[in-house]
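Structure, as structure tokens:
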Amino acid sequence: MDTAALGEATAFIHGHTAEVLHIICTAIFIFCGIKALFHKELKKVLIYSLIGLVVDIRSLLTLDSSLALSAFYYHVFNFLVIVGMMLITARSLTKKAGSGKLYDMRGFGRAVPWTAAPLAAGLFAMMGLPPFSVFFSKYLMIAAFVDSGNIISSIVLAGGEVLYFLVFIRVIRVIFLDKYRGEPIEDRKPRELFPVYIFLAFITIGGLIPGIAVKPFVALADAMGSQVTDLPPMGLSWPIATLFLAAGSALVFFLGQKSNKRAGLLSSLLCLLAMPTLFFSDAGIYGISFAFLILFMGALQFFYSVSYMEHSHKQYRFYTFFLIMIAGLLGVSLSGDLLSMFFFWEIMSGWVMYLALAHEGDGFSIQEATKYFTFNYLGAAFLLAAVTVVYNETGHWNYTKIADNFQYTRPMAIAVLLLTLSFLMKAAQLPFRIDFQMHPKPAPTPISGYISSTVLKSGPFMMVKIFFLASGGVVATTLFPLESIMHVTGWIGALTIIIAASFAMLTNSMKRLLIFHTVSQLGYVVVGCSLMTSMGLAGGLLHFVNHMFFKNLLFLCAGAVFISTGTDKMDRLGGLARKMPITFFCFMIGVLSIAGVPLYSGFVSKWMIYHGVMESGFVGIAILALFGSVLTLASFIKFMHSAYLGQIQENVRDAKEASWYMLLPMSVLAGLSVLLGVFPGIALAPVNRILVEFSMQPLDITASSITFGADSIDMLFIVSILFMGMALAGLVYLLTQTKTRKTHVFVCGVGDLTCEDSHVSSVNFYEDAKGFIKGSVRIIKKIIGLKGDYIER
Amino acid sequence: MITLSASSVFAYLLFPGGLFAILFGLILLSVERIAVARFQGRVGPPIYQNIFDILKLRIKEVLIPEDVTNRFMFAIAPVFGFVGMMTAIFILPVSGVYGGTGANSDLIVLVYLMALPAVSHILGGSASGSTFAAISVSREVILMFAYEISFIIVLFTVALEAGAGEGVVFSLKGIVDYQVIHGSFISNFKMIPAFLAFVIFMLATLEVPPFHIAENDGDVMKGYLMEYSGMPLAFFEITHALKLIVLLTVLQVFFMPGIAGYNVFFNLLWFIGKSAVVVIGIALIHASMPSFRVDQAFKFLMTVPILLSLMSLGMVLFL
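Protein chains in written order, with the working numbering: chain B, 370 to 1162; chain Z, 22 to 340.
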């Protein structure tokens, strides 16, 4: 045998050894994952997942670069530290429970919080969520893959961890969220807990100063003598407002334990106090205006919570998590580079949000919150891969530098596609199942309203930013299909408007109806923003603001109704307008705004979006979008009639008007909805500056009028005509003051009709059209794979 | 920028909006009643009947039910539709007579204004607390849901055709000007299906048979109007008359804005004549058709006018 053939044969065997090894490792990974998912003993669950995850990253070793090697060492080291910490905690929990079985420790997180907390932190850390060090080692791992050109494996690697995510979330659900049903037990003494908390502090500090923490491992990798690759910079930029709120959340956690009122008002105050810090931010008008709205809405939300959360438990915990979530969102809007953005993104949609959503602690809310968390985790996996590719192609984290060094290559196109997809997922848009992406219904209403109105906006917000970065230079080459991505995004938005609104027509739950409409209205924002023309983007951003106000208003009204009647089902309500007149009027302003009736906000922004869409020549999108507002009106009429009007029902008989803690935020939002309807210029002035920042031609605006090209509208003109009509009608009413008489509703002489008999409830409201809508929904469900009666519930 | 000059106040209050439109609408409603009666071999009411109805309602007692769910909403609901229609007439151009309000004569604004009468029926009926009203409100919404789709498609078809392949014209005045130069759309074979769809939309909006469903006296006893009396009822009647004029004007703006010369007076007569002919056509359909059930109407509206309008849209886009 000559040497060449021998060399070939060796290479052949060598190649196949790698493949066989790969298959074995994958098998172990899956086996360990499934074993951990169903194992009853806590200790074994932890050990199985450690083995599975470490085996999973062995492919790093095949990459042969110092980056891969340091990622490997760092990752394994982190896992060992965390699992060690968790095993110690598990041991003390086992002692308390008297058994190592997971289900014997049900609810221990509630009974002995200080003893169990490191376990929760460890589990969240293992998922790769910030602010723990695994977040960065996981990032380094993905970066090593991307660096060696394996984008697909990096996505598979990031996505594959969803299996282990399910393992960890199961442990968290059982130990921390389920109810404790045993004798009261005592926490371990601080002295005994000290060593565990040292571990915890270690991984947290590693997560906060990643650049320093990774140094030893880089040195180790270099010492092993592998090919030297530069480590991507891992410095985080911390906006002042984020730091302020993060520190404030600790304050709320410790000071707010005594009273709900104090905790709520303190949180609200913190949001207001954080506003001035925005002046020192250098994030540009786009980020700063979003941050301002985030804080403003947060302040209203906490004020409302003072009354809403009164009958809940451990409110300070809810406020703390909520505040950290807002801090994360602020970080997303204010951070100047993509890595910090991702870090804060994970804080915003990670464990803090999960714990806040599952606050009520009943089975339904835990289940729904888990579903939402899982979906967010999946979205973040895409995001991580995409963010890494962007760094790898441009060599910078900073937005302006990314724009300057933007490469129009195929990996970059994949990255932009992935980024768009994950931002669309955050906004719960179509290609994925709407019901999984929708935030959970049973969560406390203030946070539901906040997520709907503000947090989900981070999707379109970042989408616009990415489109802007990508459209800086040449577009529409074959390598870089930005135009197509944007056009498809527009269609996704338009279809989402229709489908989510038709689902809303059928649902019987107040909050689910509102959530479906959030998805539908975000469709308008996505349609407008996907155009990236002056008119389209301005319309999209104006709707972005308008939707914040009216959607939050509707949520707060629904929350007030829920508090005073105790039900969320519309068919159990009726005649509320008599008992809660102020809530009813706030609600009506919200409805008229969301349906886009002139004089209320929502009209102008939709007008701009239609004009923008038609300017770009997308007739189909325009028709769908315009039809969407008919559907919106129709489903809200059902809501209005069956809950607020009609005859008074059983549940409503003792209903009382909401407290002023609730009414004040509601009235503020209602006032803003009317104000922006008449003077859209107030919100359009910053939008115009954003257009300039994005180097687009600004619109020609005054306080109430908008002119761009041949399109123009003057709201004050329209409103003054409308008012003239009203004055005329009022005058006629006054001049023809005739005798009035009190009678009863005419029922054709039927004497024994009860209120229940004569009320058309929400279930029967669209009976005649139900067949048609249900038929179409059935087809849609077939296409996008919805199962069960999720919508109708 | 408020540009409410004396001439626009005149246009709003007296002509072609306001008083003129109300009187003209009421007379046309009577004309329709007379025509239906003649088709059925009856004599019918005198031509001023509907005006007298309004005058009579002015001095009638107002009955307010005790169990009204929200009194304020009940009282203010009729105004919504009235205001919307007054504004719609104000911004609509009448070809050769009145040029609309320039910048604000916009198709999208028109769509939202034209939905206001239905909104006012819904709010009023719903707030009255009557079961019959509730049923009729639900029917009204179902029908609105169905006919708005075809209206929207027709609207975009017209806007695209008036743009002549170079974008769209959203300005109502622009649409009229285009047709005055290039010939009315009704003589354009591409627009015939859209015209038919629009006529069906008109019948459904006006609630004449075969779409006399939401306020059918036969089964829901006037539906949302049931608890209304006196001046509020008169407002609903006036709104109905205005709605007729708005629809006739929109029909003429979209499909037949041809002018009879450059004399304003003759153009006005031409406008009145065209409107009267259309109304008599509506009366013929009214007299010869029974009414659909609501589910039948829904199915009909979801298929026929939508297909017709899509046909036109396809031809405009691809021919």
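Every residue gets a Cβ at the ideal spot worked out from N, C-alpha and C, and that includes glycine.
According to the neighbour-count rule (16 or more other Cβ atoms, all chains shown, within 10 Å of its Cβ), is residue i buried or exposed?
i        : result
A845(B)  : Interpretation of A845(B) is limited by its pLDDT of 48, a score under 50 that renders its predicted location unreliable; the figure taken from the coordinates is listed afterwards. Result: exposed.
L164(Z)  : buried
S1069(B) : The sequence given here has Asp at residue 1069(B), not Ser. Exposed: under 16 other Cβ atoms inside 10 Å.
V197(Z)  : buried
D651(B)  : exposed
D547(B)  : buried
Q1066(B) : exposed
L340(Z)  : exposed
Along the beta strand (DSSP E) that carries residue i, what are the first and last residues, could you check?
i      : result
V83(Z) : 83–86
Starting from residue i, follow its DSSP beta bridges and name the residues at the other end.
i        : result
R1110(B) : L84(Z)
E410(B)  : K470(B)
S1081(B) : T1076(B)
D1069(B) : T1076(B)
S192(Z)  : D127(Z)
V115(Z)  : Y119(Z)
N767(B)  : D706(B)
K938(B)  : S878(B)
Using a Cβ-Cβ cut-off of 7 Å (strictly less than) and excluding sequence neighbours within five positions of residue i, which residues of its own chain qualify?
i        : result
L911(B)  : V973, S974, M977, P1049, A1052, L1053, V1056
G195(Z)  : A183
Y417(B)  : C401, K404, A405, H408
G1015(B) : G943, G944, H1128, V1129
L724(B)  : F690
V1043(B) : I958, Y969
A32(Z)   : G38, F111, Y119
For residue i, tell me which candidate among the options has the shortest Cα-Cα distance.
i        : options                            : result
G551(B)  : G476(B), Y533(B), T573(B), H728(B) : G476(B)
T1071(B) : L1038(B), I1090(B), V1047(B)       : V1047(B)
Y677(B)  : F711(B), V960(B), E729(B), Q776(B) : E729(B)
E169(Z)  : M135(Z), S147(Z), I213(Z)          : M135(Z)
A749(B)  : V1037(B), G828(B), L882(B)         : G828(B)
F256(Z)  : S151(Z), F95(Z), L269(Z), M336(Z)  : F95(Z)
G117(Z)  : R63(Z), H307(Z), F287(Z)           : F287(Z)
D473(B)  : L692(B), P809(B), A513(B), Y549(B) : Y549(B)
K795(B)  : F1063(B), F751(B), G905(B)         : F751(B)
L131(Z)  : L113(Z), G204(Z), I234(Z), A215(Z) : L113(Z)
P500(B)  : G697(B), L639(B), L647(B)          : G697(B)
Got a sec? Which residues, its chain only, sit under 8 Å from residue i by beta carbon, not counting five neighbours each side?
i       : result
I511(B) : S523, L526, A527, L753, A754, T757
I771(B) : L707, V759, T763, H765, L838
M917(B) : L662, M666, S822, T823, K826
Starting from residue i, trace the alpha helix (DSSP H) both ways and give me its first and last residue.
i        : result
D433(B)  : No alpha helix (DSSP H) holds D433(B); DSSP gives it neither H nor E.
T260(Z)  : 251–275
S637(B)  : 629–643
Y893(B)  : 879–900
L532(B)  : 531–541
G302(Z)  : 285–309
L786(B)  : 779–795
P482(B)  : 482–495
P815(B)  : 814–822
A42(Z)   : 39–60
F222(Z)  : 213–227
D1023(B) : It is not in any alpha helix (DSSP H) - D1023(B) carries neither H nor E in the DSSP assignment.
Between which residues of its own chain and residue i is the CB-CB distance below 6 Å, once the five residues before and five after are set aside?
i       : result
K627(B) : none
G997(B) : I866, I867, A870
L432(B) : A513, S517
G102(Z) : L137, P138, S141, T260
L923(B) : L883, G959
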